[in-house]
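Using the numbering used here, you'd call the opening residue of the sequence shown number 27 and step up by one each time.
All residues carry an ideal CB built from backbone N, CA and C; glycine is no exception.
Have a look at the structure below before the remarks.
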Amino acid sequence: MTENLIIHVDMDAFYASVELLDNPDLRGQCVIVGGASNRGVVCSASYEARALGVRSAMPIVTARKLCPRGVFLPVRRARYQEISRKVFEIFHQYTPLVEPISLDEAFMDVTSSKRLFGSGEEIAANIRKQIESSLGITASAGVAKNKLVAKIASDLCKPNGLLVVPADKTQEFLDPLPISRLWGVGPASRDKLRSLGVKTIHDVRKLTKAMLSANFGKNGELVYAFARGMDDRPVEPPGAAKSIGREITFDHNVYTLEEAYKWMLFLSERVARRMRKEEATGRTVNIKVKYADFVQITRSVTLESPTDDPGEIYTHAKKLLQKTLVGSKPVRLLGVTLSQLVTPGQAWQPGLFDDPTASERKKKLNQALDGIWDRFGSGTVEPAALVTGVAKHNRR
Numbered sequence: 027m028t029e030n031l032i033i034h035v036d037m038d039a040f041y042a043s044v045e046l047l048d049n050p051d052l053r054g055q056c057v058i059v060g061g062a063s064n065r066g067v068v069c070s071a072s073y074e075a076r077a078l079g080v081r082s083a084m085p086i087v088t089a090r091k092l093c094p095r096g097v098f099l100p101v102r103r104a105r106y107q108e109i110s111r112k113v114f115e116i117f118h119q120y121t122p123l124v125e126p127i128s129l130d131e132a133f134m135d136v137t138s139s140k141r142l143f144g145s146g147e148e149i150a151a152n153i154r155k156q157i158e159s160s161l162g163i164t165a166s167a168g169v170a171k172n173k174l175v176a177k178i179a180s181d182l183c184k185p186n187g188l189l190v191v192p193a194d195k196t197q198e199f200l201d202p203l204p205i206s207r208l209w210g211v212g213p214a215s216r217d218k219l220r221s222l223g224v225k226t227i228h229d230v231r232k233l234t235k236a237m238l239s240a241n242f243g244k245n246g247e248l249v250y251a252f253a254r255g256m257d258d259r260p261v262e263p264p265g266a267a268k269s270i271g272r273e274i275t276f277d278h279n280v281y282t283l284e285e286a287y288k289w290m291l292f293l294s295e296r297v298a299r300r301m302r303k304e305e306a307t308g309r310t311v312n313i314k315v316k317y318a319d320f321v322q323i324t325r326s327v328t329l330e331s332p333t334d335d336p337g338e339i340y341t342h343a344k345k346l347l348q349k350t351l352v353g354s355k356p357v358r359l360l361g362v363t364l365s366q367l368v369t370p371g372q373a374w375q376p377g378l379f380d381d382p383t384a385s386e387r388k389k390k391l392n393q394a395l396d397g398i399w400d401r402f403g404s405g406t407v408e409p410a411a412l413v414t415g416v417a418k419h420n421r422r
């Protein structure tokens, strides 16, 4: 199974860089964007100003004290949006899977782009080169197996840098970093962790999941996973529904691949029914596996055409499951999700070899099943594997 490849790109001091682009005479000076008066806060500061302690979200009056000779400029949002659109046009040359975080920051999933554009490092380097050569501003980029690590990498290589974290070096990269680098660890959490003797991400890994949950609630589970470099959040383009999925945590661990298959069929049926109720289809089938030792993995495949058919969802989920350690390691949770959703209002070009007759037959069969479930209750009619299998118990 191909490892996910995520790039996080963050423009360097974006608002200030645009001002310098339009006013080259200001280069080398402390440029602070946020307002010409003492009201308001700093939106962006050049690296010369940052060297004197000026930071984003700082009151302008404080910035003036730190940088009395600074050049203070008002925000020109329309201009920044204009440049931002051009930056994102470059992103979309490499992948449709672009998730904006702000005008100057985005995640990109380039897992499927490698055949066309080369390695993650090559793609990120080319993106940065294009931005600088065509727009005259710089960007920093992190390349890693997930959003968490890619974001940390881009933060660490600013300004105008590129940092690649190979998947097998993820833990080695994270361990020496301070706990403040982890998402979900704000000032209050940081102080609490320090009171427990925790200073680095390596220190966090010495704490049990139960201990983290007791101290930080649900956020403790995230910290536990993030400290181990685990982050299954997909890159999601804007405007589309996030995803539709279903997962099960078992009362008793699942030990065999055959038993797991039956659960994947159960989940695929439920997800497909929800898709039809929402009048949506999905292009990407995702599975989630959490082993008994709490290690969690995700796998995904993108289809040529979107689907809401349970058989098709299950077929792909089963193939993905075969590329995991299920069957050799006990499992406590399984999940199936469809993402990259397509709704009736969105145009979709069918695949060249799609069979419209077969698709229509499946649609009518699924509609008949929905009618039976609506009238007599969910699970009234099930695939034989579920009726004779394990999916009649052990449900949550």
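Does DSSP classify residue i as helix, strand or coil?
i	result
Glu262	coil
His34	strand
Asp201	coil
Asp380	Summary for Asp380: the model assigns pLDDT 48, below 50, so the residue's position carries little reliability; its value from the coordinates is reported in the next sentence. Coil.
Asp334	coil
Ile157	helix
Ala42	helix
Asp217	helix
Asp257	coil
Glu304	coil
His278	strand
Thr234	coil
Pro100	coil
Ser110	helix
Thr341	helix
Lys53	Strictly speaking, residue 53 in this sequence is Arg, with Lys absent from that position. Three-state DSSP puts Arg53 in coil, outside helix and strand.
Thr350	coil
Val211	coil
Leu423	This structure cannot settle anything about residue 423, because the visible part of the chain is limited to 27 through 422.
Leu329	strand
Just to check my reading of the structure: residue i and residue j have Cβ atoms closer than 8 Å, yes? What is that Cβ distance to the nearest angstrom?
i	j	result
Tyr317	Val368	Not confirmed; about 33 Å, so no contact.
Val35	Ala193	Not really, about 19 Å apart at Cβ, beyond 8 Å.
Cys69	Ser82	7 Å
Val362	Val315	Actually they do not touch by this definition, with Cβ atoms about 11 Å apart.
Ala132	Phe114	7 Å
Lys426	Glu247	Look at the range of the chain in this structure, 27 to 422, and you will see that residue 426 is not part of it.
Ala167	Ser159	So it is not a contact: roughly 15 Å between Cβ atoms.
Asp201	Ile32	With 8 Å as the limit, Asp201 and Ile32 do not qualify as a contact, their Cβ atoms being about 20 Å apart.
Glu45	Val59	6 Å
Glu125	Pro336	With a Cβ gap of about 28 Å, Glu125 and Pro336 do not count as contacting.
Ala298	Asp334	5 Å
Arg325	Thr307	Contact doesn't hold; Cβ gap of about 20 Å is too wide.
Arg302	Arg272	Their Cβ separation, rounded to whole angstroms, is 14 Å, which puts Arg302 and Arg272 out of contact at 8 Å.
Go ahead and label residue i buried or exposed: buried means 16 or more other beta carbons lie within 10 angstroms of its beta carbon, across all protein chains shown.
i	result
Ile313	buried
Thr310	buried
Ser43	buried
Ala417	Residue placement at Ala417 cannot be trusted, given a pLDDT of 48 that sits under 50; what the coordinates show is reported in the next sentence. With 16 or more other Cβ atoms within 10 Å, it is buried.
Arg53	exposed
Pro204	exposed
Leu360	buried
Phe40	buried
Ala104	exposed
Lys173	buried
Ser365	buried
Leu142	exposed
Asp277	exposed
Val259	The sequence shown places Arg at residue 259, not Val. Looking at its Cβ environment, which holds fewer than 16 other Cβ atoms inside 10 Å, Arg259 is exposed.
Ser110	buried
Arg95	exposed
Pro213	exposed
Ala21	Residue coverage of the chain in this structure runs from 27 to 422, which leaves residue 21 outside it and unanswerable.
Thr198	In the sequence under discussion, the amino acid at residue 198 is Glu, which differs from the Thr named in the question. Exposed, by the Cβ-count rule.
His342	buried
Asn49	exposed
Val87	exposed
Glu29	exposed
Just grab the DSSP bridge partners of residue i for me.
i	result
Ser70	Val59
Met134	Ile33, Val124
Tyr317	Val357
Leu129	Note: Leu129 sits in no beta bridge, so no partner.
Ile149	Paired residue(s): none; Ile149 is not in a bridge.
Leu188	Ala167
Ser365	Ser269, Thr310
Gln322	Lys316
Thr88	DSSP output for Thr88 lists no bridge partner at all.
Thr196	According to DSSP, Thr196 bridges with nothing at all.
Can we say the stretch 134-152 touches the stretch 283-292, given the rule of at least three CB pairs closer than 8 Å? no
Count Cβ pairs between the stretch 246-261 and the stretch 207-219 that sit closer than 8 Å; are there 3 or more? yes
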